[in-house]
Amino acid sequence: NAGVTQTPKFRVLKTGQSMTLLCAQDMNHEYMYWYRQDPGMGLRLIHYSVGEGTTAKGEVPDGYNVSRLKKQNFLLGLESAAPSQTSVYFCASSSNWGRETQYFGPGTRLLVL
Amino acid sequence: DQQVKQNSPSLSVQEGRISILNCDYTNSMFDYFLWYKKYPAEGPTFLISISSIKDKNEDGRFTVFLNKSAKHLSLHIVPSQPGDSAVYFCAAYSGAGSYQLTFGKGTKLSVIP
Numbered sequence: 001n002a003g004v005t006q007t008p009k010f011r012v013l014k015t016g017q018s019m020t021l022l023c024a025q026d027m028n029h030e031y032m033y034w035y036r037q038d039p040g041m042g043l044r045l046i047h048y049s050v051g052e053g054t055t056a057k058g059e060v061p062d063g064y065n066v067s068r069l070k071k072q073n074f075l076l077g078l079e080s081a082a083p084s085q086t087s088v089y090f091c092a093s094s095s096n097w098g099r100e101t102q103y104f105g106p107g108t109r110l111l112v113l
Numbered sequence: 114d115q116q117v118k119q120n121s122p123s124l125s126v127q128e129g130r131i132s133i134l135n136c137d138y139t140n141s142m143f144d145y146f147l148w149y150k151k152y153p154a155e156g157p158t159f160l161i162s163i164s165s166i167k168d169k170n171e172d173g174r175f176t177v178f179l180n181k182s183a184k185h186l187s188l189h190i191v192p193s194q195p196g197d198s199a200v201y202f203c204a205a206y207s208g209a210g211s212y213q214l215t216f217g218k219g220t221k222l223s224v225i226p
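Chains as they are written, first to last, in this note's numbering: chain S, 1 to 113; chain V, 114 to 226.
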């Protein structure tokens, strides 16, 4: 039982390049989330999903797209990376909606030059 | 405007003593609070939670206190151990149907042997 895994662990991009971050969970959770954490800041919600085939915007969605084609996977895409997207990205999942513990992956460190 | 505030960026405590981490919130709709612990290069892990209908929740060495009138909660760790050295995040849900966890900026705890 690996929990929540994220790929890749670290990536360097040039401005304008695109990439996809992959999140996978093996806990059969319905709900999945993408957060970003910037230095001196708490985690901020980018997008979330309440089930396979559904996605919704969180607090800071601009510049990102997501897809949930399979229940266990949640993909975060950057179509045209900007230096402001340099951050650590965390994926999380939970079994239910609200007041539920969210389980986090180890994070992906992204540097956009 | 930060709705969850952790005003102490760091805290140092001697091993065996009590660690007290504080968290203030401004949104009166918050009704469920969680503490997460984060080690470097890892994702946050759930530590303890408390519902707004309670004023205390205890789990081993960890106790969370909630003062609703003051919009303040605190995490007590007794006795503190070197392995407790980590960043602690306070987070809150607003309402039973809420999807969004709002995080504070975190407090870095260092437990000195």
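All residues carry an ideal CB built from backbone N, CA and C; glycine is no exception.
No experiment lies behind these values; they were computed from the predicted model shown.
Asked                                                                                                 : Found
Among T108(S), A81(S), L113(S), the one whose alpha carbon lies nearest that of A154(V)               : T108(S)
Status (buried if at least 16 other CB within 10 Å, exposed otherwise) for V191(V)                    : exposed
7 Å Cβ cut-off: residues of chain V touching G107(S)                                                  : G156
Coarse secondary structure for T85(S), derived from DSSP in three states                              : Per the sequence presented here, residue 85(S) reads as Gln, with Thr not at that position. If DSSP states are grouped into helix, strand and coil, Q85(S) belongs with the helices.
Proximal residues to Q194(V) (C-beta, below 7 Å), its chain only, five neighbours per side dropped    : E128, V224
Beta-carbon proximity check, E30(S) vs V4(S), cutoff 8 Å                                              : no
V177(V) at chain S interface by Cβ criterion, 8 Å                                                     : no
Minimum Cβ-Cβ distance from T101(S) to chain V less than 8 Å                                          : yes
Cutoff 8 Å: Q213(V) Cβ touching any chain S Cβ                                                        : yes
Three-state secondary structure assigned by DSSP to G173(V)                                           : coil
Endpoints, beta strand (DSSP E) assigned at N120(V)                                                   : It is not in any beta strand (DSSP E) - N120(V) carries neither H nor E in the DSSP assignment.
Helix, strand or coil at D137(V) [DSSP, three-state]                                                  : strand
Three-state secondary structure assigned by DSSP to D26(S)                                            : coil
Residue from S164(V), K151(V), D172(V), L124(V) whose Cα sits closest to the Cα of H185(V)            : S164(V)
Contacts of F159(V) in chain S (Cβ-Cβ under 9 Å)                                                      : T101, Q102, Y103, F104
Residue span of the beta strand (DSSP E) that contains M142(V), given as start and end                : Unbroken run through M142(V): none, as it is neither H nor E.
Contact between the stretch 83-102 of chain S and the stretch 7-26 of chain S (3+ Cβ pairs under 8 Å) : yes
Min CB distance V224(V) to chain S below 8 Å                                                          : no
Residues that M19(S) bridges to, as DSSP identifies them                                              : L78(S)
Contact set between V191(V) and chain S, taken where Cβ atoms lie within less than 9 Å                : Per Cβ cutoff of 9 Å: no residues; V191(V) is ~23 Å from chain S at best.
Closer than 7 Å at the beta carbon, the chain S residues around F216(V)                               : G42, L43
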